[in-house]
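Chains as they are written, first to last, in the working numbering: chain H, 1 to 101; chain L, 102 to 687; chain A, 688 to 925. Quick reminder that beta carbons are idealized off the backbone N, C-alpha and C, glycines included. Worksheet for the structure shown next.
Right, here's the structure in full:
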């Protein structure tokens with residue numbers, strides 16, 4: 001065990017935080033999706049680190065499933081975006097003002 | 102065999118596949134498999150079969166999987182609960198209850214969606230198969246005994262619902278609802294997943310039973326990580342079940358999605374989320390009860406209060422139902438706070454009755470909504486009793502049942518939740534819940550009164566001169582006077598809430614109002630100027646509201662369930678009482 | 688307690704990869720153009736893959752590069768190009784004033800919590816539940832064994848997820864139906880009429896000039912023709 005696991009966990013936590021902040025701060029829907037990807041990657045890193053620390057391959061298996069979920073989510077999310085923004089130009093969340101709140 | 106290969110085979114120990122108990126999986130397999138078959142059949146028929154075929158297939162699927170779930174329940178009763186597929190799935194009374202619930206929701210969804218499919222010219226096979234897939238996700242969530250299975254079930258449920266929410270492509274609001282739902286849903290999924298990761302790190306497993314035994318054996322060795330994981334899990338599920346303060350997506354998404362989908366979303370997403378919540382908290386983390394109970398207490402109180410207050414000031418019926426669903430979520434959380442076997446059973450009972458109430462309500466909203474779900478204003482419901490007496494009667498029964506009037510399942514659901522929490526000493530929470538129930542009852546009664554033309558609603562009060570609060574002559578019961586007070590309050594609240602159209606109405610639109618008595622104020626705003634276009638089209642008598650056969654059936658089913666089991670509660674209550682968990686609290 | 692067995696190459700690799708991950712992640716958040724954000728995302732994903740390799744997860748590192756960088760980011764870029772939304776976003780203005788400070792505040796809170804946590808010893812649960820990692824057999828074999836035994840059910844139900852993604856993409860990407868006689872097709876013309884700024888408040892034509900058929904679906908129709916970008920005010924204040 002070379003680099004202590006906690007270092008990786010801190011990196012993952014910071015990455016998750018950056019992703020969450022980005023999701024809250026950015027208005028461009030595509031960039032918001034990318035921030036979700038950042039968050040999912042932080043989770044992946046956490047899982048892999050715990051897998052090493054616990055000597056348990058279960059954490060790596062979890063990453064496997066997260067990858068599938070991320071792929072499915074991106075496909076559907078981008079499908080929704082394409083369906084909406086074929087009608088209009090621009091993809092900022094401020095253009096979504098039909099429903100209030 | 103080459104030497105290299107034989108060397109490999111010798112080195113790798115034999116793979117012992119876990120035993121798969123297919124009978125335990127059958128309800129989910131039928132649900133997901135029939136969705137696949139439906140899609141295949143749809144793609145093989147070139148011009149498409151009539152929508153009724155898909156509706157019938159979906160109903161049959163729901164019935165089949167419900168029947169299988171009941172058979173599974175028999176087996177659980179005789180042989181006891183068990184874990185299947187290497188401990189990934191828990192087959193117990195609790196999961197059986199939710200399997201039946203979701204199957205019922207699928208049957209009702211097929212019926213409620215049928216008029217919508219025919220009206221909007223959408224493809225029934227796609228809508229219904231996505232609904233079935235989504236339902237299979239909810240089933241996996243309810244039966245899961247592993248955090249990863251819960252997560253995958255959650256994603257199956259949610260991703261299908263994102264697509265369903267976007268399905269009304271003739272209405273721009275539908276896509277907007279879908280994207281809002283998607284962004285917030287993906288955000289909450291990521292949070293939930295991070296919670297799973299931290300819990301995994303702190304306990305060494307994602308299996309709920311293993312987590313439970315680990316936590317029971319190693320008490321409070323390292324709190325921080327596990328508590329952080331628990332908090333993230335609660336936030337993630339709080340988003341899914343729309344508990345305050347994670348509710349902000351609910352009104353917009355409910356309003357923008359196709360009406361039958363909204364009902365399905367309300368019933369199934371809530372059921373799946375609460376099933377997972379109960380399962381995680383009760384089966385894996387009962388030892389942390391003192392940590393999660395106060396959090397859920399706060400969420401329950403907030404949901405009850407905010408849901409009740411905001412439901413009353415809405416004018417859009419779908420938004421009202423969204424806020425009322427938040428208030429319902431608060432009630433169900435009360436049952437979770439109870440943290441007992443009775444609490445779990447009351448949560449199951451509440452969700453089962455709520456499924457019928459909300460699916461029936463949204464079936465009505467679907468037909469009243471008209472093309473592209475446009476008529477959702479409170480005024481569109483004015484005089485519904487004259488236009489479609491039976492429809493209005495059924496809707497009224499479902500609404501008063503949601504309000505918790507005795508001799509309905511809605512009352513019993515609230516009663517059991519309160520009993521469960523009082524048995525654990527939560528008197529304050531019970532009182533808050535009852536007060537919130539009274540407050541939110543005003544909203545249901547106002548809608549009923551509007552349908553029967555007994556009360557002026559928000560718009561009338563906002564416009565001042567033309568808001569005849571005509572309940573003075575409508576029975577001297579005190580019950581009727583009170584809603585009138587709230588409605589005028591609501592009107593003022595709506596007017597003061599920075600809604601320019603009401604001000605315009607009060608001034609310039611007065612003439613138009615006077616002729617139309619009341620209007621649905623769907624206006625187009627162009628450039629800089631406000632254009633208040635009264636489009637309610639003589640809403641006093643309004644457009645003729647159709648009452649398709651499918652809606653008749655779904656309404657009859659929902660009303661029958663609500664009233665019959667409200668008066669004769671024994672079967673359903675017994676069913677819910679068997680909803681105990683395989684692991685954890687008993 | 689630490690720093691005894693850390694070798695220099697390990698340390699250098701870790702620091703470099705972690706720096707790439709975090710800097711590129713910040714780049715995703717602050718870059719104005721979505722294309723730049725996507726490129727920063729690729730850098731983050733590569734950094735994560737390196738961190739995976741460092742922790743005996745070679746298979747996942749490969750999958751990370753192939754699936755994420757190879758498929759997901761390409762999909763992002765494809766959509767960006769397809770929609771032509773690579774125009775720059777004005778980061779400076781934000782209509783939701785409270786949201787940005789709130790987001791930053793939240794982030795700082797979480798960060799502080801992380802730093803506090805990092806000083807504690809990160810706890811470890813029960814080891815070896817689903818099989819070892821970094822043992823004598825290869826990573827792929829270990830992972831495959833876990834996926835096909837302990838995680839067999841999750842593995843099977845991901846198939847439903849992929850089916851939904853496929854069906855969803857097909858359903859969403861199709862053109863909306865426009866059957867004759869339906870409001871969506873029928874009301875293009877009146878939709879334009881209401882959108883004109885000259886429309887007065889009373890607008891006598893507004894009430895009478897429209898056929899009853901298209902009553903309240905008007906704003907939608909207008910929106911769909913693309914001539915009017917009008918906020919449809921449907922709800923009441925919350």
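Excluding the 5 residues flanking it on each side, residue 300 of chain L has same chain C-beta neighbours closer than 6 angstroms at 330, in chain order. DSSP, read as helix, strand or coil, puts residue 121 of chain L in coil. Where residue 192 of chain L is concerned, the enclosing beta strand (DSSP E) starts and stops at 190-192. Closer than 8 angstroms to the CB of residue 794 of chain A there is not a single CB belonging to chain L. Per the DSSP secondary-structure output, residue 308 of chain L pairs in a beta bridge with L:247.
Separation of the CB atoms of residue 459 of chain L and residue 426 of chain L is rounded to 7 angstroms, and the pair is thereby assigned contact status at 8 angstroms. Between residue 33 of chain H and residue 79 of chain H, the beta carbon gap of about 12 angstroms keeps them out of contact (Cβ cut-off 8 angstroms). Selection L:659, L:674, L:205 and L:378 evaluated against residue 516 of chain L yields L:674 as nearest (Cα-Cα).
Counting along the chain, the unbroken beta strand (DSSP E) around residue 183 of chain L starts and ends at 183-185.
Counting along the chain, residue 767 of chain A sits inside the alpha helix (DSSP H) bounded by residues 760-770. Boundaries of the alpha helix (DSSP H) harbouring residue 53 of chain H: 29-54, taken from the DSSP string.
By the Cβ criterion, the segment 246-254 of chain L is not in contact with the segment 451-470 of chain L, since fewer than three pairs of Cβ atoms, one from each stretch, lie closer than 8 angstroms. Residue 267 of chain L has a beta carbon lying within less than 8 angstroms of a beta carbon in chain H. Look at residue 697 of chain A here: in three-state DSSP terms it is helix.
For the set A:763, A:748 and A:842, the Cα lying nearest the Cα of residue 728 of chain A is the one of A:763. Spanning the alpha carbons of residue 670 of chain L and residue 531 of chain L requires a straight line of approximately 22 angstroms. For residue 833 of chain A, the C-beta contacts it makes with chain H under 8 angstroms involve 57, 58, 60 and 61, in order along the chain. In the three-state reduction of the DSSP assignment, residue 224 of chain L falls in the coil class.
With fewer than 16 other beta carbons inside 10 angstroms of its own, residue 528 of chain L counts as exposed. Proximity of residue 46 of chain H to chain L, defined by a Cβ-Cβ separation below 8 angstroms, is satisfied.
In terms of CA proximity to residue 730 of chain A, H:38 leads the group H:38, H:49, H:43 and H:46. Shown in chain order are the members of the segment 118-141 of chain L whose Cβ falls below 9 angstroms from a Cβ of chain A: 118, 119, 121, 126, 129, 133, 136, 137 and 140. For residue 54 of chain H, at least one C-beta of chain L is nearer than 8 angstroms to its own C-beta. Beta bridge pairing from DSSP links residue 478 of chain L with L:417. Assigned with DSSP and collapsed to three states, residue 483 of chain L falls in coil, not helix or strand.
Secondary structure of residue 841 of chain A (DSSP, three-state): helix.
Under a 10 Å Cβ-count criterion, residue 135 of chain L is classified as buried, with 16 or more other Cβ atoms of the shown protein chains found around its own Cβ. In this chain, residue 386 of chain L is not harboured by any alpha helix (DSSP H), its DSSP state being neither H nor E.
At the C-beta level, residue 215 of chain L and residue 651 of chain L come within 8 angstroms of one another. Taking the Cβ atoms as the reference, residue 118 of chain L lies roughly 17 angstroms from residue 845 of chain A, outside the contact range of under 8 angstroms. For chain A, the residues of the segment 226-247 of chain L that bring a beta carbon within less than 9 angstroms of one of its beta carbons are 227, 228, 230, 231, 234, 235, 237, 238, 241, 245 and 247, in chain order.
When C-alpha distances from residue 646 of chain L are compared across L:540, L:519, L:475 and L:542, the shortest belongs to L:475. With its beta carbon less than 8 angstroms from one in chain L, residue 23 of chain H belongs to the interface. Under the three-state reduction of DSSP, residue 150 of chain L is assigned to coil, being neither helix nor strand. A contact is defined here as three or more CB-CB pairs under 8 angstroms, and the segment 362-375 of chain L fails this definition with respect to the segment 388-402 of chain L.
Nearest to residue 736 of chain A by alpha-carbon distance, out of A:719, A:756, A:698 and A:720, is A:756.
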